[in-house]
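*Asks:* Please see the structure below; I have some questions.
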Amino acid sequence: MASRLPTGSRAAEAAHYTERMWMSWWWWLLLAAVAGSMILAVAAWVPSLPGALACAAIAALSLWAGLAAGRVLIRVDAEGLGVGPNRIEWRWVDRVRGCDAGTMSTILHSGHQVGSFICTRPWIGTGVVLRLADPADPHPAWILSSRHPERLADAIGDHLNRVSEATRPAATIPEERR
């Protein structure tokens, strides 16, 4: 079952794969254009000091929004998979699949995502889908954006193959997991 990752844990220090979902440069350009147009409109209509304060607030909020949107970190370590503050142990992961942009779009626009834990970003088209084996978990799958879906899927698959069959409640055989 998914749990919260404690900050400063040894699992985060010994990560076998990490990826942060930062915005790509063209999304930053789009954010700057939107913020710039808002600043221009405020500067044209609001008197000097209040206008300058409003413009500074718009710029600061835009920067904060861009940084906050990309702060999610994906971590693969010996204990499990971490996505932001969320974590799942390997014994609860049944299988993983790396997906290209077309497959991710199909999954996200179909009924497959209903009830799933979804952590995607619009500036990352590719990703992975993890099928879970925990009957108590309300999410049947995790759908995650990743710029390197095959590397992430391989890292997850390596850990799934190491987990003892006795501790895994999943019904699939190891060859089907990756």
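When you line the sequence shown up against this note's numbering, it's residues 22 to 199, in that order.
Think of the CB as a built atom: it goes at the ideal place given N, C-alpha and C, for glycine as much as any other residue.
These numbers come from a predicted model, not from an experiment.
1) For a test of the three-state rule: what should DSSP assign to Y38, helix, strand or coil?
2) Who does S166 pair with in a DSSP beta bridge?
3) Compare the Cα-Cα distances from V63 to each of G105, A75, P159 and report the closest residue.
4) If you draw a straight line from the C-alpha of L82 to the C-alpha of R183, how long is it?
5) Under a three-way DSSP split, which group does V238 fall into?
6) Could you name the residues of the same chain whose beta carbon sits closer than 8 Å to that of G87, not counting the 5 residues immediately before and after it, in chain order?
7) Along the chain, where does the beta strand (DSSP E) containing V114 start, and where does it finish?
8) Judging by CA-CA distance, which residue of P143, R92, C120 is the nearest neighbour of R41?
9) Quick one, which of M59, T39, S167 has its alpha-carbon nearest R142's?
10) If you measure between the beta carbons of I164 and S131, is that distance less than 8 Å?
11) L153: buried (16+ other C-beta within 10 angstroms of its C-beta) or exposed?
12) Could you tell me the alpha carbon to alpha carbon distance between D121 and G146, rounded to whole angstroms?
13) Would you mind sorting W85 into buried or exposed? The rule is 16 or more other CB atoms within 10 Å of its CB.
14) Relative to the alpha-carbon of P170, which residue among P106, I95, A162, T127 has its alpha-carbon at the smallest distance?
15) Between the alpha carbons of G119 and V135, how many angstroms are there, rounded?
16) Would you kindly work out how many angstroms separate the C-alpha atoms of R15 and C140, rounded to a whole number?
*Replies:* According to the data block:
1) strand
2) G148
3) A75
4) 45 Å
5) The chain is shown only over 22 to 199; residue 238 falls outside these bounds and no answer can be derived.
6) M44, W48, W49, L52
7) 114-120
8) R92
9) S167
10) no
11) buried
12) 7 Å
13) exposed
14) I95
15) 19 Å
16) Residue 15 lies beyond the range of the chain shown here (22 to 199); nothing can be said about it.
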